[in-house]
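Just below is one structure, and these are the notes that go with it.
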């Protein structure tokens, strides 16, 4: 069928056919996300979105809004179901407690998230022009909805549409200028440009948007080639990192009876030889373990600290994820428990800590508004901490002996563009400890790693990432993977620390860049209304 016939079929579809087309079009967007990263397929969801909007007709503004809203909801529902299906794996870790609630993660969450593109479609339809300007209107409204999705109710900026272009390392460099939300505007506009091939009357109106989209892609690619240096990034002198990926099953990792065996495994694995030059811990400066490494409070387990001290050679520092108990507050019966990064010296003393600020709703705590209702139906947060984790008071830099200042990020904190660099002097690298073992051999850990890597490109800072089951690795300030351990493997990785790059345009201006681009898109859309 020629493209004009496909466009006509979508525009004229009604009832369940229209909803099915919208769902399938949205779901196709997951093909452009990790682990497949088939970024040219961004054309499918965005082009079909234009045609669905063209078919959102009615005799009143409300009817047109409602028609577009419904199409946008089904489109978004397809995108989020296909992109977030792996969340179901977390409900099977303790299947006896949580399996019954799997539809809440696999269906209910995508259904809620789909409200954001639904409102974007509806709002766009209220200002829907006839010509190529409608591409920019859709891009602007979806860009606004994605920014809101990343901020409303603590935010959930997972698989923002700009990630569809971020899989190609050269195209991803544009994030150093515009950030993820700016990249989203271009991803939508570039992907939607071919819609005019099936709807415009004259040759110029039919071909001009696609040719402009190709020119933009070529310019972005050229910028990426220009920005990235040809050789490897220089390393910080005197730093020899050892990343330890234990690949422990989740049900074993959080079983308190396994504490001693888990520590034995960590110490044995950390001291393995990786080469004749690196026979063990003797030849490293820092060993790094993943998030929530122990089923006990490290700071209140002196025997564990003593064993760590005995294993660490002089001047070797351990950086590990661990739960930390705070001071008991007046009127409280138990101390607050924090999800933390703790730094342990060769004498077994905890010399520095960072407490996670941005907790995962339902995973690490129950939102206060919904907590009572959720407990009433038998649910609790996934992490078995009475009352859930407490949030740290502020995102602070982490000072570690022998390393430049780190920007600590625990798990989910790495997915928030513009919110990963602590206040104060600019840090030299991101330190990201995560678990990811909840999600098994699915696309989730690949998506998580890709989003953390994009933070390096946005901010011009290298990334050191250590995960329980993968993906662990070191990424330079241009998003290039220097070394990594694959998902689902056990092992240690020795690497240097790449030097930081200069502050990027986005690092200086943040989401003000997105606001400026948004205004530009809307102004151009008004000019191109005919």
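Residue numbers (this note's numbering): 14 to 543. Idealized CB from N, CA, C, for every residue including glycine.
C-alpha gap between residue i and residue j, whole angstroms
i: residue 181; j: residue 175; result: 12 angstroms
i: residue 92; j: residue 155; result: 13 angstroms
i: residue 43; j: residue 96; result: 5 angstroms
i: residue 353; j: residue 340; result: 15 angstroms
i: residue 126; j: residue 277; result: 42 angstroms
i: residue 103; j: residue 304; result: 16 angstroms
i: residue 145; j: residue 427; result: 36 angstroms
i: residue 300; j: residue 436; result: 26 angstroms
i: residue 337; j: residue 55; result: 43 angstroms
i: residue 111; j: residue 105; result: 7 angstroms
i: residue 141; j: residue 538; result: 10 angstroms
i: residue 524; j: residue 408; result: 19 angstroms
i: residue 510; j: residue 203; result: 36 angstroms
i: residue 401; j: residue 421; result: 21 angstroms
i: residue 526; j: residue 184; result: 18 angstroms
i: residue 449; j: residue 482; result: 6 angstroms
i: residue 177; j: residue 444; result: 25 angstroms
i: residue 313; j: residue 82; result: 53 angstroms
i: residue 281; j: residue 366; result: 24 angstroms
i: residue 58; j: residue 52; result: 12 angstroms
i: residue 257; j: residue 219; result: 54 angstroms
i: residue 416; j: residue 60; result: 48 angstroms
Of the residues the options, the one placed nearest residue i, counting alpha carbons only
i: residue 519; options: 162, 208, 195; result: 195
i: residue 28; options: 52, 70, 56, 47; result: 70
i: residue 306; options: 260, 292, 52, 139; result: 260
i: residue 24; options: 212, 502, 449; result: 212
i: residue 167; options: 528, 450, 432, 443; result: 432
i: residue 501; options: 171, 21, 263; result: 263
i: residue 486; options: 492, 498, 475; result: 498
i: residue 368; options: 358, 330, 411; result: 411
i: residue 48; options: 414, 329, 463, 328; result: 463
i: residue 504; options: 438, 287, 220, 40; result: 287
i: residue 372; options: 351, 358, 364; result: 351
i: residue 5; options: 80, 14, 200; result: Look at the range of the chain in this structure, 14 to 543, and you will see that residue 5 is not part of it.
i: residue 413; options: 283, 131, 363; result: 363
i: residue 589; options: 161, 440, 455; result: A query on residue 589 cannot be resolved here, the shown segment of the chain reaching from 14 to 543 and no further.
i: residue 227; options: 376, 252, 289, 200; result: 200
i: residue 279; options: 292, 320, 254, 315; result: 320
i: residue 251; options: 508, 430, 169; result: 508
Three-way DSSP call (helix, strand, coil) for residue i in this model
i: residue 437; result: coil
i: residue 212; result: coil
i: residue 519; result: helix
i: residue 420; result: strand
i: residue 14; result: coil
i: residue 246; result: coil
i: residue 296; result: helix
i: residue 260; result: coil
i: residue 501; result: coil
i: residue 301; result: strand
i: residue 240; result: helix
i: residue 178; result: helix
i: residue 357; result: strand
i: residue 508; result: strand
i: residue 374; result: strand
i: residue 368; result: strand
i: residue 486; result: strand
i: residue 363; result: strand
i: residue 481; result: coil
Close beta carbons around residue i, own chain, < 7 angstroms, minus the five adjacent residues each side
i: residue 63; result: 147, 148, 151, 205, 208
i: residue 222; result: 145, 148, 206, 209
i: residue 374; result: 167, 380
i: residue 512; result: 246, 247, 248, 249
i: residue 530; result: 191, 195, 198
i: residue 37; result: 91
i: residue 238; result: 183
i: residue 19; result: 211
Contact set for residue i: own chain, Cβ-Cβ below 8 angstroms, skip 5 residues either direction
i: residue 360; result: 322
i: residue 559; result: Only positions 14 to 543 of the chain appear in this structure, which leaves residue 559 out of reach.
i: residue 100; result: 118, 119, 122, 452, 457
i: residue 469; result: 443, 475, 476, 488, 489, 490, 491, 492
Contact set for residue i: own chain, Cβ-Cβ below 6 angstroms, skip 5 residues either direction
i: residue 453; result: 102
i: residue 447; result: 304, 424, 480
i: residue 35; result: 65, 84, 87, 88
i: residue 77; result: 69, 71, 138
i: residue 535; result: 153
i: residue 240; result: 186
*asked:* Which complete alpha helix (DSSP H) runs does the segment 50–115 hold, if anything under 4 residues is left out?
replied: 56–67, 74–97, 108–111
*asked:* To test your reading of the DSSP string, which unbroken alpha helix (DSSP H) runs of 4 or more residues are found completely within the segment 181–235?
replied: DSSP runs (the alpha helix (DSSP H)) wholly in the segment 181–235: 182–185, 188–205.
_Ordered list of alpha helix (DSSP H) runs contained in the segment 450–475, each at least 4 residues_ = 457–472
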